[in-house]
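J.:
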Amino acid sequence: MTTTSIPETTFADAATAERLERAAAALTAHGFTVEILDDAAAARVRVQELIPDGASVFTGASETLRLSGIDADINTGGRYDAVKPRTLAMDRATRAEEIRRLRASPDVVVGSVHAVTETGSLVVASGSGSQLPGYAGGAARAIWIVGAQKVVPDLSTALRRVEDHCLPLENARTQEVHGWPSAVNRLLVLNAEYQPGRGTVLLLREAIGF
Numbered sequence: 349m350t351t352t353s354i355p356e357t358t359f360a361d362a363a364t365a366e367r368l369e370r371a372a373a374a375l376t377a378h379g380f381t382v383e384i385l386d387d388a389a390a391a392r393v394r395v396q397e398l399i400p401d402g403a404s405v406f407t408g409a410s411e412t413l414r415l416s417g418i419d420a421d422i423n424t425g426g427r428y429d430a431v432k433p434r435t436l437a438m439d440r441a442t443r444a445e446e447i448r449r450l451r452a453s454p455d456v457v458v459g460s461v462h463a464v465t466e467t468g469s470l471v472v473a474s475g476s477g478s479q480l481p482g483y484a485g486g487a488a489r490a491i492w493i494v495g496a497q498k499v500v501p502d503l504s505t506a507l508r509r510v511e512d513h514c515l516p517l518e519n520a521r522t523q524e525v526h527g528w529p530s531a532v533n534r535l536l537v538l539n540a541e542y543q544p545g546r547g548t549v550l551l552l553r554e555a556i557g558f
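Each residue of the sequence shown is one higher than the last, beginning at 349 in the numbering used here.
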């Protein structure tokens, strides 16, 4: 008797349309607002439609935001009260409390996640944790742009994706950019959004980011 070996899908492969729909349905059932978009270009347009002019906006560190141009749109476009460049210009020794408050409670926080489960959870890992207060509830609104390769079956697979796939890539990036390693120092799991309209997930049909 012979068996056929089915290769395991890697964490870099885009999820099928069926799996995207399953994740979207589960997230919607858990209170998130979900839109499935074709690509990062569509998400870039949608983000500008979702955020009102003059809003205070904090962007979490994200390759998805950088590669899509969304990070530059928010932080250098002049349309919003961009929190990140403002706080980076502040003296950390004398204005640490102000920096912390501005980042924790903007009008809108924009970023990505490291995994989305088909059971309806979002998983975010962080070294510093600067984006997590806003994601968890500090920001009035949260928008996450998520590549199709980040969809996984369940929470245990999501955590494995963080450790086995995301961390090595982020570690290489931080070593190159900053000269020090990365680490999963903080981990946030969002299982539901109780406040209608607060959390929006833009789920892409293409793979982008880590």
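Glycine residues also receive a C-beta, built at the ideal position from the N, C-alpha and C atoms.
1. Should residue 416 and residue 452 be called a contact, given that it needs their Cβ atoms to be closer than 8 Å?
2. Mind checking which residues open and close the beta strand (DSSP E) that includes residue 369?
3. Would a C-beta distance cut-off of 8 Å place residue 473 and residue 535 closer than the cut-off?
4. Taking the C-alpha atoms as reference points, what is the distance between residue 463 and residue 509?
5. Given this structure, state the Cα-to-Cα distance separating residue 563 from residue 477, to the nearest angstrom.
6. Is it true that the stretch 432-446 meets the stretch 490-502, where meeting means three or more beta-carbon pairs spaced less than 8 Å apart?
7. Buried or exposed, going by whether 16 or more other CB atoms sit within 10 Å of the CB of residue 483?
8. Is the beta carbon of residue 412 less than 8 Å from the beta carbon of residue 432?
9. Taking the beta carbon of residue 428 as the centre, do at least 16 other beta carbons fall within 10 Å, making it buried, or is it exposed?
10. Which of the three DSSP states is assigned to residue 556 in this structure?
11. Which residue's Cα is closest to the Cα of residue 555: 494, 376, 414, 383?
T.: Let me spell this out:
1. Counting from 1 along the sequence shown, the entry for residue 416 is found at position 68. Counting from 1 along the sequence shown, the entry for residue 452 is found at position 104. Against a cut-off of 8 Å, the Cβ pair of residue 452 and residue 416 comes out as no contact.
2. In the sequence shown, the residue the question calls residue 369 occupies position 21. Premise fails: residue 369 lies in the alpha helix (DSSP H), 365-377, not in any beta strand (DSSP E).
3. On the sequence shown, position 125 is the one that residue 473 refers to. On the sequence shown, position 187 is the one that residue 535 refers to. Yes, these two residues count as a Cβ contact at 8 Å.
4. Along the sequence shown, read from residue 1 onward, the residue named residue 463 stands at position 115. Along the sequence shown, read from residue 1 onward, the residue named residue 509 stands at position 161. So the two alpha carbons sit approximately 7 Å from each other.
5. There is no way to answer for residue 563, as the model of the chain reaches only from 349 to 558.
6. Taking 8 Å as the limit for Cβ pairs, the verdict is that the stretch 490-502 does not touch the stretch 432-446.
7. Walking along the sequence shown from the start, residue 483 turns up at place 135. When all chains shown are included, residue 483 counts as buried.
8. Taking the sequence shown and counting its residues from 1, one reaches residue 412 at position 64. Taking the sequence shown and counting its residues from 1, one reaches residue 432 at position 84. No.
9. Position 80 of the sequence shown, counted from the start, is the residue given in the question as residue 428. The residue in question, residue 428, is buried, as its Cβ has 16 or more Cβ neighbours within 10 Å.
10. Counting from 1 along the sequence shown, the entry for residue 556 is found at position 208. Assigned with DSSP and collapsed to three states, residue 556 falls in coil, not helix or strand.
11. As a position in the sequence shown, residue 555 is number 207, starting the count at 1. That would be 494, whose Cα lies nearest to the Cα of residue 555.
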